[in-house]
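Numbering (the numbering used here), first residue to last: 30 to 511.
Cβ atoms here follow ideal geometry from the backbone N, Cα and C, with glycine treated the same way.
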Amino acid sequence: MVDINIQTTISPYTQEPVCTRPLLSESELDNVIAESVKAHKSWKKVPLEERVAIARKWLTEFENISDVACEDLSVQMGRPISQCKGEINGTIWRARHMIEIATEALAPIPQTQPEVEGVEKWILKQPLGVVAVLSPWNYPHLCLVNAVIAALLSGNAVIIKPAPQTPSPAERWVSTWQSAGLHNNLLQVVHLTQERTLSQLCQDQRIDFISFTGSVPGGRAVQQAASQGKGFKGICLELGGNDPAYVREDADIKWTAEQVVDGVMFNSGQSCCAIERVYVNSAIYDEFVKAFVEVAKTYKLGDPSDTKTNIGPVVSVASAARIRKQVKDAVEAGAQIVLDESHFPEAKEGTSLVGPTVLINVNHSMELMNEETFGPVVGIMKVESDDEALQLMNDSIYGLTASIWTNPTDPQSLAAAHHLSTELECGTVYLNKCDALDPSLPWHGWKNSGQGVSLSHLVYDAVTHKKSIMKRVEVKGVYEKK
């Protein structure tokens with residue numbers, strides 16, 4: 030008999046339960062929110078330099094649990110153990126930057142224009158109160174950095190609701206922050222049903238801001254729920270993508286193929302900014318497709334605990350079935366498979382192990398090319414010009430990232446790439462790079478890829494109130510200096 034009050038995490042690889050967590054009741058969640066409100070009221074009075082000092086201690090505490098954190102990732106979400114350290118190191122790098130810019134990002138901003146005689150004016154940034162972070166399973170540590178660091182350092186309390194697939198990473202955050210000296214109840218984790226998340230957490234008037242990372246339908250549900258509660262609250266939605274890559278005729282074919290394959294296949298394609306569609310200039314199309322397939326063939330699909338594995342299972346059998354249906358539908362519509370799952374012995378129907386798959390003769394009428402796949406599958410199209418590539422890259426309801434691959438030593442090529450970057454309808458453009466975030470740059474989706482911003486100094490604006498201060502410094506004939 031299934032206990033509806035218990036959350037069970039199933040291993041993507043073994044399909045066996047790996048951990049359980051009790052789900053909070055209405056009264057228990059109400060108490061968590063009340064404790065967060067109380068904790069925020071004292072935390073906001075703590076000087077910023079003390080908050081920053083605690084955050085720096087947390088970096089050390091977090092680094093100390095890197096091995097067990099890697100095991101969590103491999104077991105709970107199926108990433109090859111050989112690749113898990115990258116997320117931990119990336120978390121530390123990203124978090125360190127966010128901590129180091131906090132003092133400047135939260136400093137009062139003097140205003141001198143337009144000048145008003147005898148008046149000083151400035152802008153203060155003050156905490157919102159309680160921030161709810163609804164985090165995903167595919168990069169559970171990295172996505173926490175995007176919102177949690179700035180929220181805490183700004184003086185907010187934070188409640189994390191992690192994806193049921195990966196409960197442990199958020200819990201590791203709480204324990205390491207507590208070891209670093211963070212005040213009680215400032216960072217809490219709650220495990221909730223979807224219904225309680227939407228009907229209670231998102232609608233509670235005491236929640237001042239929601240940061241959600243996940244699917245477009247999930248983002249719509251969160252936005253709708255937040256709007257139905259009493260009062261208004263801020264919201265940041267980091268949603269899906271169908272990210273394109275464009276390979277120009279002067280790109281180095283071998284190197285570019287290696288980079289783009291990695292952009293497609295890393296994390297089994299389960300990245301919001303993974304490359305999902307590729308456009309290649311006709312002059313190098315055949316040679317590029319051949320090189321791309323040869324690189325993809327070298328991947329080893331299998332047990333994520335095996336250090337030789339470099340592509341693991343997708344998150345569930347249901348996800349695998351959806352991915353395979355996209356491929357099947359594309360083939361029935363005229364696409365041709367140039368690398369199929371038969372090359373990978375571990376790939377089997379009815380399992381979560383999906384082999385790298387490459388298709389050509391694709392077009393934008395196919396779901397494979399117009400919707401998010403979230404798997405190790407890609408379609409490659411031939412184009413005749415930059416203009417055609419631009420039109421196809423922008424022909425999407427999504428707008429998260431796009432990448433351009435060209436010769437960086439040729440001024441004309443760089444000029445063309447820079448022109449394309451200004452015309453692309455997305456939040457991030459990569460030149461000879463892909464599938465990466467930099468904490469100094471805002472992470473922001475256009476179109477159905479989301480709203481709001483995370484990372485960079487801009488996220489500090491998102492999790493703070495702005496207060497305008499105007500001070501008359503002298504009133505002639507009324508107050509005299511002593």
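For a quick check, are the C-beta atoms of residue 498 and residue 157 less than 9 angstroms apart? no
For residue 494, which beta-bridge partners are listed by DSSP? 155
Short check: CB of residue 386 to CB of residue 407, under 9 angstroms? yes
By a C-beta neighbour count over all protein chains shown, 10 Å radius and 16 as the cutoff for buried, is residue 370 buried or exposed? Taking all protein chains shown into account, residue 370 has 16 or more neighbouring C-beta atoms within 10 Å of its C-beta and is therefore buried.
Beta carbon of residue 451 nearer than 9 angstroms to that of residue 442: no
Can you tell me where the alpha helix (DSSP H) with residue 441 in it begins and where it stops? 440 to 452
Any 3 or more C-beta pairs closer than 8 angstroms across the stretch 347 to 360 and the stretch 313 to 333: Result no; under three Cβ-Cβ pairs closer than 8 angstroms.
Can you tell me the Cβ-Cβ gap for residue 264 and residue 252, rounded? I've got them flagged as a contact below 8 angstroms. Right, their Cβ atoms sit about 6 angstroms apart.
Looking only at C-alpha atoms, which of 210, 504, 87 and 276 sits nearest to residue 445? Just measuring C-alpha positions, the residue of 210, 504, 87 and 276 sitting nearest residue 445 is 276.
According to DSSP, which residues form a beta bridge with residue 241? 163 and 266
Would you tell me roughly how many angstroms separate the C-alpha atoms of residue 80 and residue 131, rounded to the nearest one? 10 angstroms
Buried/exposed call for residue 137, threshold 16 Cβ in 10 Å: exposed
Expressed to the nearest angstrom, what Euclidean distance is found between the alpha-carbon atoms of residue 337 and residue 471? 35 angstroms
What residue range is occupied by the uninterrupted alpha helix (DSSP H) comprising residue 110? 110 to 129
Leaving aside the five residues before and after residue 477 along the sequence, list all residues of the same chain whose C-beta is less than 6 angstroms from its C-beta, in chain order. 245, 426 and 427
Cα-Cα separation between residue 65 and residue 233, rounded to whole angstroms: 13 angstroms
When we look at the beta-carbon of residue 374 and count the other beta-carbons within 10 Å, is it buried (16 or more) or exposed? exposed
Quick one: grab the DSSP three-state call for residue 273. strand
Residue interval of the alpha helix (DSSP H) (run including residue 56): 55 to 72
Once you ignore the five residues that flank residue 279 on each side, which residues in its own chain have a CB closer than 7 angstroms to its CB? 435, 436, 439 and 442
Going by Cα to Cα distance, which pick from 400, 414 and 335 is closest to residue 311? 414
Which term fits residue 44, buried or exposed, when burial requires 16 or more other beta carbons within 10 angstroms of its beta carbon? exposed
From residue 175 to residue 490, what distance separates their C-alpha atoms? 13 angstroms
Following the continuous beta strand (DSSP E) through residue 301, name the residue where it begins and the one where it ends. Here residue 301 belongs to no beta strand (DSSP E), and DSSP marks it neither H nor E.
Which stretch, first to last residue, makes up the beta strand (DSSP E) that contains residue 516? Absent from the model: residue 516. The displayed extent of the chain is 30 to 511, so no value can be given.
Which residues share a DSSP beta bridge with residue 472? Under the DSSP definition of a beta bridge, residue 472 partners with 483.
Own chain partners of residue 72 with C-beta closer than 7 angstroms, once the 5 adjacent residues on each side are dropped: 184, 186, 212 and 215
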